[in-house]
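In the working numbering, the protein residues as written are 54 to 144.
Here is the structure:
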């Protein structure tokens with residue numbers, strides 16, 4: 054069940070980041086819109102990195118047993134980081 058909620062968190066973050074990319078991309082892209090997208094992507098990428106490096110979940114706290122029991126969580130977080138890397142708006 055925990056893998057499902059991790060998947061929902063990652064996919065929700067990726068969908069929100071790509072929504073912002075689509076919404077803010079174009080000729081009227083300014084610094085504020087770009088920094089807003091950087092802030093959203095940075096929040097999610099840092100939370101993914103905390104899980105991978107330190108076993109520190111955002112809502113669950115320190116849980117090293119989850120990554121031992123479900124190694125797929127690390128892969129989901131890794132692919133979430135890659136997806137967020139391409140979610141910045143462009144002119």
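From the three backbone atoms N, C-alpha and C, an ideal C-beta is built for every residue, glycine too.
From residue i to residue j, what distance separates their C-alpha atoms?
i           : j           : result
residue 74  : residue 114 : 30 Å
residue 95  : residue 88  : 10 Å
residue 66  : residue 108 : 19 Å
residue 10  : residue 91  : Residue numbering for the chain in the displayed model covers 54 to 144; residue 10 lies beyond these limits and cannot be assessed.
residue 83  : residue 139 : 18 Å
residue 122 : residue 72  : 33 Å
residue 80  : residue 54  : 43 Å
residue 133 : residue 58  : 14 Å
residue 112 : residue 93  : 17 Å
Residue i and residue j look like a contact to me (Cβ under 8 Å); what is the Cβ gap, rounded to whole Å?
i           : j           : result
residue 77  : residue 142 : 4 Å
residue 56  : residue 125 : 6 Å
residue 137 : residue 98  : 5 Å
residue 127 : residue 120 : 6 Å
residue 130 : residue 101 : 4 Å
Please name the residue or residues paired with residue i in a DSSP beta bridge.
i           : result
residue 115 : 109
Kindly list the residues whose CB is nearer than 7 Å to the CB of residue i, restricted to its own chain and excluding five residues on each side of it in sequence; keep chain order.
i           : result
residue 116 : 108, 110
residue 86  : 77, 142
Spell out whether any CB of chain C is found under 8 Å from the CB atom of residue i.
i           : result
residue 106 : Although the question refers to chain C, the structure presented lacks it and comprises just one protein chain.
So, for residue i: in the same chain, excluding its five sequence neighbours on each side, which residues have a beta-carbon less than 6 Å away from its beta-carbon?
i           : result
residue 144 : 82
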